[in-house]
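Chains as they are written, first to last, in our numbering: chain A, 1 to 296; chain B, 297 to 614. Ideal placement from N, C-alpha and C gives every residue a C-beta, glycine not left out. Input: a single structure, listed below in structure tokens.
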Amino acid sequence: MSILLSAIEFLHNEPVRVALIVGGGAALVCAVVGVATVMQRQSFAGHALADVSSAGGSAAYLLGLNPLLGFLGLAAAAAGVLEWSEIREARERDLLTGVVLGAGLGLAALLLYFAATVRNASGAALTVLFGSMFTIPATIVPLALAVTVVALTVSALVHRPLLVSAVSVDLARAQGIRVRAVSLAHALALALAVALAAMTVGAILSTALLIGPAAAALRVARRPAAAVALAAAIGLGATWGGIILAYESFYWTPGRGWPVSFFIVALVFAAYLTAGVLATHGPRRAAAHPSGCEAH
Amino acid sequence: MYHSGMGTLGASGSKLRGGLAAALVLLLAGCGGAPHRGPPLAIGVESQYADVLRQIGGPYIRVRAVLSNPNTDPHAFEASPAVAREVSGAALVVMNGLGYDAWIRRIMAAAPVAHRQVIDVRRLLDLPADTVNPHLWYDPRTMPAVAVAAAHAFSALDPAHAVYFETQAQRFDASLHAWRAALRAFRAHHGGTPVAVSEPVANALLEAAGCRIVTPLALQLAVMNGTDPSPQDVAVQRALLRQHQVQVLVYNQQVTDPLTASFLQLAHAAHIPVVGVYETLPQGYHYQGWMLAELQALRAAVTQGVSTRRLGPPAGAP
């Protein structure tokens, strides 16, 4: 009875509802985009986009704009730069990615400095880098849902051609797949996923939500579709579970809740460890490890 | 809280010069302890303390403030070498304490001067070190005590004008009469008025005016410190505003964050008047006039439903 009552109270809480919606959308998009990203070995690029997007989040703070738009703008710009460079060689690509990442974080440092000193946004750094789900304004929900739908649609459209190009670019071309367009579309979806994740757990931690559930799912799932479904379940479980735990933590240390980002990332990490144990000792050891898909 | 490697600017508004040159100046100032010509220098770390020091010291004391830019969050302030140079030449430093301006102690330690006096207002008022609300100057008991302590300190620096300093301290106390009378009147007519706040900035004034602050303290501290608020507390505050359970929302006019912005929106939608309060002395004001103006803004909100987002120019001399 008391559990039911507190559940009603939980769902009645407006910051919680906004967090559940925005975080849920982010988890779903990250699961779909994340599986493709991990399979394409683009995790580092994903992290770079997240770091660069922190500059956008900081700019939004400075200018008083919608933070999601800020994250989105710079993540998309960074994705554009990385795509436009057309570097396929892994080492070169990692270098460029690292340099772009550094430049983005440096810009974020400058913008956060201005936000703290000129605009007086004292909590900006903590919010942009580590997230503050319960302060997300409800006015963001329509935009967040729209971004979620667009990202899921784009991902669904490029899912299959992307898998083929991941195996072999020549094979994809032979099948009439426009490799460049597919790659660009995936980069866009990645930028959208990163922006949503940055809104949820902050720019620095967004990689955890993007890569973590996908990596855990790929450890145990046999097929990409199963991996996407499992990643979605893990992502949603971690995000919503994190929100529930953060809500409950208010009663552990009286009057002071723990940060929700911590719980989400901790649950993602736990899922990754569990998947590792299942993959090595479980009854259904995956026959083909996902890295077997790689054509390199 | 974000800390940049760069220093912020002090009261003078002068630009940060080359770090090397500044370090050199600091080194010279620190070594020499060179004697000054002219009156002794007193520093009020926050501009409100500097204002009171000026009123007590008159022409016999030079006074500088460190924190006076109303657009900077004092909690996020970082001292520059220019500030360090000034502090090294000061005979008296008045600081708030309670971690609000802890960096000034590091600067003083870096430039030790034998005869420098320090007034830590928290200690002066004999408050416990774990007092949660550092905005002591909103308490009507604070500045009279600071004025008396400053007069004593100045008398030690310049015994020839001891009588002047004592008289100024008494005058200062008398000049707070209008504010204290207004506080008593507010308490008598509107005591128990429920008030929501974004941060604990003006809480001491609200309490002295007999208001009932209904916002959860943990939420106030989360906003003040820029940490994650708990959703329970955010929901309580939103309900207070949406259901019009408060008569006014008092917020920190010098700080902007999305949560405060959302509270302001809710207050606007529910036709709850808002009052923006200041963390440092507003332009053109003396301490007395500032405090009275904040109280009048509160009264206008409670009695006429009028919002005051920023204080206009002061009505007259304090």
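State yes or no: is the C-beta of residue i within less than 8 Å of the C-beta of residue j?
i: phenylalanine 134 of chain A; j: valine 260 of chain A; result: yes
i: proline 512 of chain B; j: aspartate 529 of chain B; result: yes
i: valine 164 of chain A; j: alanine 75 of chain A; result: no
i: valine 570 of chain B; j: glutamate 590 of chain B; result: no
i: alanine 27 of chain A; j: glycine 235 of chain A; result: yes
i: valine 542 of chain B; j: alanine 477 of chain B; result: no
i: cysteine 507 of chain B; j: threonine 523 of chain B; result: no
i: alanine 79 of chain A; j: histidine 159 of chain A; result: no
i: leucine 388 of chain B; j: alanine 470 of chain B; result: no
i: threonine 127 of chain A; j: valine 29 of chain A; result: no
i: alanine 151 of chain A; j: alanine 187 of chain A; result: no
i: leucine 420 of chain B; j: alanine 441 of chain B; result: yes
i: valine 18 of chain A; j: alanine 146 of chain A; result: no
i: glycine 202 of chain A; j: glycine 131 of chain A; result: yes
i: leucine 537 of chain B; j: alanine 498 of chain B; result: no
i: alanine 458 of chain B; j: serine 451 of chain B; result: yes
i: glycine 57 of chain A; j: glycine 46 of chain A; result: no
i: leucine 472 of chain B; j: threonine 427 of chain B; result: no
Tell me, please, whether the CB atom of residue i is closer than 8 Å to any CB atom in chain A?
i: alanine 531 of chain B; result: yes
i: arginine 534 of chain B; result: yes
i: proline 554 of chain B; result: yes
i: alanine 589 of chain B; result: no
i: alanine 688 of chain B; result: With chain B running from 297 to 614 in the structure shown, residue 688 of chain B is simply not present.
i: glutamine 528 of chain B; result: yes
i: alanine 563 of chain B; result: no
i: alanine 514 of chain B; result: yes
i: serine 558 of chain B; result: yes
Can you check DSSP and say which residues form a bridge with residue i?
i: asparagine 548 of chain B; result: B/Val573
i: alanine 508 of chain B; result: The sequence given here has arginine at residue 508 of chain B, not alanine. The partner list for arginine 508 of chain B (beta bridge, DSSP) reads B/Pro490.
i: glycine 340 of chain B; result: B/Ala361 and B/Val390
i: valine 414 of chain B; result: B/Val389
i: threonine 127 of chain A; result: Threonine 127 of chain A pairs with nothing; no bridge assigned.
i: threonine 604 of chain B; result: B/Val571
At least one CB of chain B closer than 8 Å to the CB of residue i: is that the case?
i: phenylalanine 381 of chain A; result: Beyond the ends of chain A as shown, which are 1 and 296, falls residue 381 of chain A; an answer cannot be given.
i: valine 16 of chain A; result: yes
i: proline 142 of chain A; result: no
i: arginine 102 of chain A; result: Looking at the sequence shown, residue 102 of chain A is not arginine but glycine. No - not a single Cβ of chain B is within 8 Å of the one on glycine 102 of chain A.
i: tyrosine 247 of chain A; result: yes
i: phenylalanine 263 of chain A; result: no
i: glycine 73 of chain A; result: no
i: valine 260 of chain A; result: yes
i: arginine 178 of chain A; result: no
i: glycine 23 of chain A; result: no
i: leucine 4 of chain A; result: no
i: leucine 324 of chain A; result: Because chain A is modelled from 1 through 296, residue 324 of chain A falls outside the range shown and cannot be assessed.
i: proline 137 of chain A; result: yes
i: arginine 222 of chain A; result: no
For residue i and residue j, what's the separation of their Cα atoms in angstroms?
i: isoleucine 568 of chain B; j: glutamine 592 of chain B; result: 17 Å
i: arginine 41 of chain A; j: alanine 59 of chain A; result: 30 Å
i: tryptophan 475 of chain B; j: alanine 500 of chain B; result: 14 Å
i: proline 67 of chain A; j: alanine 238 of chain A; result: 23 Å
i: valine 414 of chain B; j: methionine 391 of chain B; result: 7 Å
i: tyrosine 345 of chain B; j: proline 496 of chain B; result: 19 Å
i: leucine 85 of chain A; j: threonine 153 of chain A; result: Contrary to the premise, residue 85 of chain A reads as serine rather than leucine in this sequence. Their backbone Cα atoms lie some 25 Å apart in a straight line.
i: threonine 274 of chain A; j: alanine 266 of chain A; result: 12 Å
i: alanine 116 of chain A; j: valine 362 of chain B; result: 17 Å
i: valine 268 of chain A; j: leucine 205 of chain A; result: 11 Å
i: isoleucine 140 of chain A; j: threonine 200 of chain A; result: 12 Å
i: alanine 319 of chain B; j: isoleucine 339 of chain B; result: Low confidence applies to alanine 319 of chain B: its pLDDT is 42, below 50, so where it sits in the model is not reliable, and the reading given next is rough at best. Rounded to the nearest angstrom, the two C-alpha atoms are 21 Å apart.
i: serine 168 of chain A; j: methionine 520 of chain B; result: 54 Å
i: valine 546 of chain B; j: alanine 185 of chain A; result: 48 Å
i: threonine 253 of chain A; j: leucine 517 of chain B; result: 15 Å
i: aspartate 454 of chain B; j: valine 383 of chain B; result: 19 Å
i: alanine 90 of chain A; j: alanine 232 of chain A; result: 28 Å
i: arginine 534 of chain B; j: threonine 97 of chain A; result: 43 Å
i: alanine 613 of chain B; j: tyrosine 581 of chain B; result: The predicted model places alanine 613 of chain B with a pLDDT of 47, which falls under 50 and marks its position as unreliable, so this point remains unresolved.
i: serine 53 of chain A; j: valine 359 of chain B; result: 45 Å
i: tyrosine 434 of chain B; j: alanine 380 of chain B; result: 27 Å
i: aspartate 416 of chain B; j: threonine 576 of chain B; result: 17 Å
i: glycine 601 of chain B; j: arginine 483 of chain B; result: 18 Å
Does residue i come within less than 8 Å of chain C when only Cβ atoms are used?
i: threonine 523 of chain B; result: No chain C is present in this structure, whose protein chains are A and B.
As an exercise, report each continuous alpha helix (DSSP H) stretch of at least 4 residues that is fully enclosed by the segment 426-457 of chain B, in chain order.
The alpha helix (DSSP H) runs of length 4 or more contained entirely in the segment 426-457 of chain B are, from start to end of the chain, 438-453.
Ranges of the alpha helix (DSSP H) found wholly within the segment 179-211 of chain A, counting only runs of at least 4
The segment 179-211 of chain A contains these whole alpha helix (DSSP H) runs: 179-201.
Which runs of the alpha helix (DSSP H) fall wholly inside the segment 17-43 of chain A and span at least 4 residues, in chain order?
With a minimum length of 4 residues, no continuous alpha helix (DSSP H) run stays inside the segment 17-43 of chain A.
Counting only runs of 3+ residues fully inside the segment 136-160 of chain A, write out the beta strand (DSSP E) ranges in chain order.
Listed in chain order, the beta strand (DSSP E) runs fully inside the segment 136-160 of chain A amount to none, counting runs of at least 3 residues.
In chain order, what are the residue ranges of uninterrupted alpha helix (DSSP H) at least 4 long that sit wholly in the segment 209-270 of chain A?
224-249
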